[in-house]
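Only one structure is covered here, and it is reproduced in the block below.
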Amino acid sequence: MDTKALIASYYDAFNAGQTDRMLDLLHDDVEHHVNEGGIRKGKALFAEFNTHMTESYRETLTDMVIFANETGDRAAAEFVVNGTYLKTDEGLPPATGQTYRLPAGTFFVIRDGKIARVTTYYNLAEWMRQVVG
Numbered sequence: 000m001d002t003k004a005l006i007a008s009y010y011d012a013f014n015a016g017q018t019d020r021m022l023d024l025l026h027d028d029v030e031h032h033v034n035e036g037g038i039r040k041g042k043a044l045f046a047e048f049n050t051h052m053t054e055s056y057r058e059t060l061t062d063m064v065i066f067a068n069e070t071g072d073r074a075a076a077e078f079v080v081n082g083t084y085l086k087t088d089e090g091l092p093p094a095t096g097q098t099y100r101l102p103a104g105t106f107f108v109i110r111d112g113k114i115a116r117v118t119t120y121y122n123l124a125e126w127m128r129q130v131v132g
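Okay, so the sequence shown: first residue is 0 according to numbering that gives the first Met the number 0, each after it adds one.
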């Protein structure tokens with residue numbers, strides 16, 4: 000599968016809520032670099048993160064644009080996160096079902112035909128403004 004198709008499959012699985020299918024597309028040694036916080040290394044920690052996110056947020060990504068370099072070992076995606084804040088996340092405002100719409104982007108490293116690094120960026124201050132109101 001080419002790089003753009005790999006990234007599209009990853010986000011198709013995300014939008015379908017199929018986190019196991021997302022994990023299948025990841026390299027065993029995946030590194031997950033989050034917007035705020037440390038680096039998660041390995042599929043097990045990525046799976047834990049997905050479980051937590053599924054409990055606290057319901058999100059669908061739209062306006063997806065995927066880019067890849069010529070060799071296919073680097074990629075990026077730009078999109079809009081359309082979400083609902085379901086369950087209070089530690090250190091964040093109380094969840095009351097607030098909705099939000101937020102531009103975001105992710106950078107990827109591809110190794111052995113799998114996603115080896117996921118680095119996502121979004122504006123946390125803007126998210127806070129939307130959920131606090």
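We put the CB at the ideal spot given by N, CA and C, even for glycine.
Here the structure is a predicted model, which is why all the values come from computation and not from measurement.
query: Report the option in T50, P102 and G41 whose CA atom is closest to the CA atom of T119.; result: P102
query: Just curious, the alpha helix (DSSP H) that N49 is in, first and last residue?; result: K42 to S55
query: With DSSP as the reference, label T83 as helix, strand or coil.; result: strand
query: Could you say which of G112, T98, K113 and V117 lies nearest to R128 if we only look at CA atoms?; result: T98
query: Along the alpha helix (DSSP H) that carries V33, what are the first and last residues, could you check?; result: From DSSP, V33 is part of no alpha helix (DSSP H); its letter is neither H nor E.
query: What residue range does the beta strand (DSSP E) around L101 cover?; result: T98 to R110
query: Would you mind working out which of T50, L5, K40 and K3 sits nearest G16, comparing C-alpha positions?; result: T50
query: Should the stretch 35-50 be regarded as contacting the stretch 66-84, the criterion being three or more beta carbon pairs within less than 8 Å?; result: no
query: According to DSSP, simplified to helix, strand and coil, what is D1?; result: coil
query: Kindly indicate which three-state DSSP category A94 falls into: helix, strand or coil?; result: coil
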